[in-house]
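> Start counting at 1 in the sequence shown, then tack on 1, and there's your number in the working numbering. We put the beta carbon where it would ideally sit given N, CA and C, even for glycine. Computed from a predicted structure; not experimentally measured. Here it is, the structure, as structure tokens.
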Amino acid sequence: TGFFSGVKGIKWLTFADFKNFPDVIEGESSFFENARAKAEEISKFTGKITIADDSGLEVDILGGKPGVNSSIYAGKNATDKDNRTKLLKKLTAFPSLKDRTARFICHMVVWHPVSKMICNSTGVCNGKIGFKETGKNGFGYDCIFIPEGYDKTMAQLTRKEKNKISHRGKALKNLHGCLVRLTQGLQL
């Protein structure tokens, strides 16, 4: 239910449902373009309508970095820990939380193998970058990101709390109307 109430007749498939799934390269300069490229390539491979996303973290004082390079911020083979360590090091010159404003951004695209892009959406979760890693839930930058209105990191939130405010949750929620129209055979 939740995000998908009113969306009937969709069989949800994941990477695990296909063999030899293509490795889609995220080489574009925006979250939207990366999501579009992934959705298009995966839709071509599967022959099915596809939802794909690209997400990342933008830090204002760093001019929006790490941005689309969030997963490789500390290098091509960097771990999540490497990326967080690099970001925290860059922010040591900014000892006040008010200077550490940031946002998680997610862009999602729904792609049809014949009619191309059907719809797209964006979700944003505003917050600040903390001073140290705190919390065990989540991945990526969750343990250093303090969402707006909270005094704890994303990694300290329950799954239910996180789904209400997360960038991915918001982007998916914004696709709801498109998915309902799609399943009802209405014009998009």
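1. Confirm, please, whether the CB-CB distance from Tyr-142 to Ser-71 is below 9 Å.
2. Looking only at its chain, what residues have a beta carbon closer than 8 Å to the beta carbon of Phe-16, apart from the 5 residues adjacent to it on each side?
3. With Asn-35 as the anchor, note down where its alpha helix (DSSP H) starts and where it stops.
4. What first and last residue would you give for the beta strand (DSSP E) that runs through Leu-58?
5. For Glu-59 and Arg-104, what's the separation of their Cα atoms in angstroms?
6. Give the DSSP-derived three-state secondary structure of Lys-90 in the structure shown.
7. Whole angstroms are fine: how far does the CA of Ser-167 sit from the CA of Asp-55?
8. Indicate the three-state DSSP secondary structure (helix, strand or coil) for Leu-189 in the structure shown.
9. In the stretch 75-135, which residue ranges form an unbroken alpha helix (DSSP H) of at least 4 residues, counting only runs that do not cross its ends?
10. Nearest CA to the CA of Glu-41: which residue from Gln-185, Lys-129, Met-118?
11. Indicate the three-state DSSP secondary structure (helix, strand or coil) for Ile-11 in the structure shown.
12. Between Val-115 and Arg-37, how many whole angstroms is the CB-CB distance? I'm expecting something under 8 Å.
13. Closer than 8 Å by C-beta to Ser-30: which residues in its own chain qualify, once you throw out the five before and the five after it? Chain order, please.
14. Residues in the same chain with beta-carbon distance under 7 Å from Thr-223, minus the five sequence neighbours each way, listed in chain order, please.
15. With distances taken Cα to Cα, identify the nearest neighbour of Leu-176 among Lys-66, Gly-128, Ile-52, Gly-139.
16. For Phe-146, which of helix, strand or coil comes out of DSSP?
17. So Lys-161 is in the alpha helix (DSSP H); what residue range does that whole segment cover?
18. Taking the beta carbon of Ile-26 as the centre, do at least 16 other beta carbons fall within 10 Å, making it buried, or is it exposed?
19. If I measure Cβ to Cβ from Ile-50 and keep anything under 8 Å in the same chain, skipping five residues before and after, which residues do I get?
20. Taking the C-alpha atoms as reference points, what is the distance between Lys-90 and Pro-96?
Well, looking at it:
1. Stepping through the sequence shown from its first residue, residue 71 is reached at position 70. Stepping through the sequence shown from its first residue, residue 142 is reached at position 141. Yes; because the gap between Cβ atoms is below 9 Å, this pair is in contact.
2. Reading the sequence shown from its first residue, position 15 is the one you call residue 16. Cβ neighbours of Phe-16 beyond the five flanking positions: Phe-22.
3. The residue labelled residue 35 in the question sits at position 34 within the sequence shown. Per DSSP, Asn-35 belongs to the alpha helix (DSSP H) from 32-47.
4. Indexing the sequence shown from 1 puts residue 58 at position 57. That run of the beta strand (DSSP E) goes 51-60.
5. Your numbering for residue 59 matches position 58 in the sequence shown. Your numbering for residue 104 matches position 103 in the sequence shown. Answer to the nearest angstrom: the Cα atoms are 5 Å apart.
6. Taking the sequence shown and counting its residues from 1, the one referred to as residue 90 is at position 89. Of the three classes helix, strand and coil, the one that applies to Lys-90 here is helix, per DSSP.
7. Within the sequence shown, numbered from 1, the residue matching residue 55 stands at position 54. Within the sequence shown, numbered from 1, the residue matching residue 167 stands at position 166. Each residue's Cα considered, the two are about 14 Å apart.
8. The sequence position of residue 189 within the sequence shown is 188, counting from 1. Per-residue confidence for Leu-189 stands at a pLDDT of 46, beneath the threshold of 50, marking its modelled position as unreliable; no derived number is given.
9. As far as the stretch 75-135 is concerned, its whole alpha helix (DSSP H) runs of at least 4 residues are 81-91.
10. As a working mapping, residue 41 is identified with position 40 in the sequence shown. Residue Met-118 is the option with its Cα nearest to Glu-41.
11. Translated into positions along the sequence shown, residue 11 becomes position 10. Note: Ile-11 maps to coil in three-state DSSP.
12. Walking along the sequence shown from the start, residue 115 turns up at place 114. Walking along the sequence shown from the start, residue 37 turns up at place 36. With 8 Å as the limit, Val-115 and Arg-37 do not qualify as a contact, their Cβ atoms being about 16 Å apart.
13. Here the question's residue 30 lines up with position 29 in the sequence shown. Contacts found: Val-69.
14. Here the chain covers residues 2 to 189 and nothing more, so residue 223 does not appear.
15. Numbered from 1 along the sequence shown, position 175 holds the residue referred to as residue 176. The shortest C-alpha separation from Leu-176 is found at Ile-52.
16. In the sequence shown, residue 146 corresponds to position 145, counting from 1. Of the three classes helix, strand and coil, the one that applies to Phe-146 here is strand, per DSSP.
17. As a position in the sequence shown, residue 161 is number 160, starting the count at 1. 160-166 is the span of the alpha helix (DSSP H), which, as asked, contains Lys-161.
18. Taking the first residue of the sequence shown as position 1, residue 26 is located at position 25. When all chains shown are included, Ile-26 counts as exposed.
19. In the sequence shown, residue 50 corresponds to position 49, counting from 1. Result list for Ile-50: Ser-44, Val-111, Trp-112, His-113, Pro-114, Ile-119, Leu-183, in chain order.
20. Position 89 of the sequence shown, counting from 1, holds the residue named residue 90. Position 95 of the sequence shown, counting from 1, holds the residue named residue 96. Lys-90 and Pro-96 have their C-alpha atoms some 11 Å from each other.
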